[in-house]
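Residue numbers (this note's numbering), protein chains in the order written: chain A, 1 to 113; chain B, 1001 to 1111.
Below is one structure; the comments refer to it alone.
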């Protein structure tokens, strides 16, 4: 069974530029999560989808971050404009249900200079 | 909002020694999950606990869920160098429904 796919793996941008990350979950997983993980900290939930609907986006900085999962399968997370403090690893995870085990992708390491 | 605290932040052990990490939530949980993240890697699911007082074992790993469903622990017996990594708990609150991760306990093992 293929795991969660993410791209790109690494991205370096200057502040005020925009960036987009892509995630393809495990086939059949209805729940998709985007997390931000800053070095030395645990993953922080940005947004959670159930199929193509948003379950929770209470910690998403909506003035600069957006995410979509239009067809209920793959998803994109965008940052525009980026700030220095957005430097982190962005992890995508999926699960078969709202309370199930989460399976993480390899993440995208973002560096904002 | 819900807070999940883990202690200790770091633990250095000699190979063969035991290791325990503790997870405490500010709210009652519907379930708790444990993950392991190797250096440079991504979190990998280990186990989920649902019932009050539940104890589950995976080889040398023992997971417990507190009676009040507000705390949990992970105990590793006779650590090996392959146990190196950061162990995270993620607690799902009964009302909010979303999981909150702790900041993890980083385990290093000296051979």
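Backbone N, C-alpha and C define an ideal beta-carbon position, used for all residues, glycine too.
None of the values given here were measured: they were computed from a predicted structure.
- When DSSP states are grouped into helix, strand and coil, residue 68 (chain A) belongs to the strand group.
- With respect to residue 1081 (chain B), residue 1111 (chain B) sits close: the two C-beta atoms are nearer than 8 Å.
- Rounded to whole angstroms, the gap between the alpha carbons of residue 72 (chain A) and residue 10 (chain A) is 25 Å.
- What residue 43 (chain A) touches in chain B, judged by beta-carbon distance under 7 Å, is 1043 and 1101, going in chain order.
- The beta carbons of residue 1090 (chain B) and residue 1035 (chain B) sit closer together than 8 Å.
- Within the stretch 49 to 64 of chain A, the residues whose Cβ lies closer than 7 Å to any Cβ of chain B are, in chain order, 56.
- Of the residues assessed, residue 69 (chain A) falls on the buried side of the cut-off, its CB having 16 or more other CB atoms within 10 angstroms.
- By the C-beta density criterion, residue 1104 (chain B) is buried, having at least 16 other C-beta atoms within 10 angstroms.
- Of the residues assessed, residue 1079 (chain B) falls on the buried side of the cut-off, its CB having 16 or more other CB atoms within 10 angstroms.
- One alpha carbon belongs to residue 83 (chain A), the other to residue 61 (chain A), and they sit about 12 Å apart.
- Annotation: the continuous beta strand (DSSP E) that includes residue 1047 (chain B) extends over 1044 to 1049.
- The secondary-structure analysis by DSSP pairs residue 56 (chain A) across a beta bridge with A:48.
- For residue 1092 (chain B), the pairing in a beta bridge is given by DSSP as B:1031 and B:1099.
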